[in-house]
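Some notes on the structure that comes next.
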């Protein structure tokens, strides 16, 4: 198993504590050509999901010449979530990186 999603795929990883209990979750999803459309739709679905389950998050554009963006959610008692969408200066290529961590104490 590799540690990235490649050009058309996904990778899922879990952070574990010393007892082997899951403490965090991360995923990467990427696609080119027709798969880039599915990645962009998934991004929209993820934003809607976390806005509904955690509360309105904040998203900001990170690229100057493409639609790359960074979104985050944090609310008391809720998981902390960060999503990075990278278009990589290519409208038929997209990649999402998701990190879900426990609530801030």
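Residue numbers (our numbering): 24 to 128.
Cβ coordinates follow ideal geometry from the N, Cα and C atoms, glycine included.
**Prompt:** Does DSSP classify residue 98 as helix, strand or coil?
**Reply:** Stepping through the chain shown from its first residue, residue 98 is reached at position 75. Note: residue 98 maps to coil in three-state DSSP.
**Message:** For a quick check, are the C-beta atoms of residue 78 and residue 98 less than 8 Å apart?
**Reply:** Against the chain shown, residue 78 aligns to sequence position 55. Against the chain shown, residue 98 aligns to sequence position 75. It is a contact, given that the beta carbons lie within the stated cut-off.
**Message:** Would residue 49 and residue 121 be called neighbours here (beta carbons separated by less than 8 Å)?
**Reply:** Counted from its first residue, the chain shown places residue 49 at position 26. Counted from its first residue, the chain shown places residue 121 at position 98. Yes.
**Request:** Give the straight-line distance between the Cα atoms of residue 102 and residue 68, rounded to the nearest whole angstrom.
**Result:** One-based indexing of the chain shown puts residue 102 at position 79. One-based indexing of the chain shown puts residue 68 at position 45. So the two alpha carbons sit approximately 17 Å from each other.
**Asked** Cβ atoms of residue 111 and residue 93: under 8 Å apart, would you say?
**Response** Here residue 93 refers to the residue found at position 70 when the chain shown is read from its first residue. Here residue 111 refers to the residue found at position 88 when the chain shown is read from its first residue. No; because the gap between Cβ atoms is not below 8 Å, this pair is not in contact.
**Item:** Separation of residue 57 from residue 113, as counted between CA atoms
**Value:** Sequence index remark: in the chain shown, residue 113 carries index 90 (1-based). Sequence index remark: in the chain shown, residue 57 carries index 34 (1-based). Straight-line Cα distance between these residues: approximately 13 Å.
**Prompt:** How many angstroms separate the CA atom of residue 62 from the CA atom of residue 53?
**Reply:** By 1-based counting over the chain shown, the position of residue 62 is 39. By 1-based counting over the chain shown, the position of residue 53 is 30. Near 7 Å, if we compare the C-alpha coordinates of residue 53 and residue 62.
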